[in-house]
């Protein structure tokens with residue numbers, strides 16, 4: 002289709018799949034000429050907000066990070082949106098991985114988003130550590 006709104010709906014649907022291999026294919030598709038540079042961040046958001054695609058998207062982001070600014074220089078301000086989905090991570094291992102990946106890299110264009118991401122992951126990690134047992138007990142009691 003040539004209609005932009007239909008293309009965005011299609012990208013959102015592709016990002017919603019529960020299949021990791023299809024998420025990977027969708028992300029690879031995002032680097033082709035078939036996806037406009039200004040829509041790439043949406044693809045990362047769609048795939049990254051999918052619980053089944055979050056870690057696939059993060060791995061893809063790390064593998065292609067150096068390519069993204071050069072390929073999408075005209076939308077460099079969107080780089081912070083590309084990592085926005087990582088705010089949904091909720092364990093220390095993910096926090097450490099994000100921090101380690103960006104240590105030593107030029108992050109001037111994404112400093113605010115990166116700091117917010119790390120803060121949100123820390124908050125989520127603490128919440129899970131503090132409340133997961135109570136939530137589990139409540140769910141068990143509520144489902145009986």
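Residue numbers (the working numbering): 2 to 145.
All C-beta atoms in this analysis are idealised placements derived from N, C-alpha and C, irrespective of residue type, glycine included.
Candidates the options: closest to residue i by CA position
| i | options | result |
| --- | --- | --- |
| residue 42 | 112, 62, 23 | 62 |
| residue 28 | 54, 105, 6, 5 | 54 |
| residue 36 | 132, 139, 11 | 11 |
| residue 70 | 50, 89, 39 | 39 |
| residue 44 | 4, 17, 144 | 17 |
DSSP state of residue i mapped onto helix, strand, coil
| i | result |
| --- | --- |
| residue 110 | helix |
| residue 87 | helix |
| residue 32 | coil |
| residue 127 | helix |
| residue 70 | helix |
| residue 62 | helix |
| residue 53 | coil |
Close beta carbons around residue i, own chain, < 6 Å, minus the five adjacent residues each side
| i | result |
| --- | --- |
| residue 80 | 110, 111 |
| residue 102 | 63 |
| residue 21 | 57 |
Distance between beta carbons of residue j and residue i, contact taken as under 8 Å
| i | j | result |
| --- | --- | --- |
| residue 82 | residue 100 | So it is not a contact: roughly 20 Å between Cβ atoms. |
| residue 59 | residue 87 | 6 Å |
| residue 123 | residue 115 | At roughly 13 Å, the Cβ-Cβ gap does not stay under 8 Å, so residue 123 and residue 115 are not in contact. |
Proximal residues to residue i (C-beta, below 7 Å), its chain only, five neighbours per side dropped
| i | result |
| --- | --- |
| residue 13 | 47 |
| residue 126 | 91, 92, 93, 96 |
| residue 138 | none |
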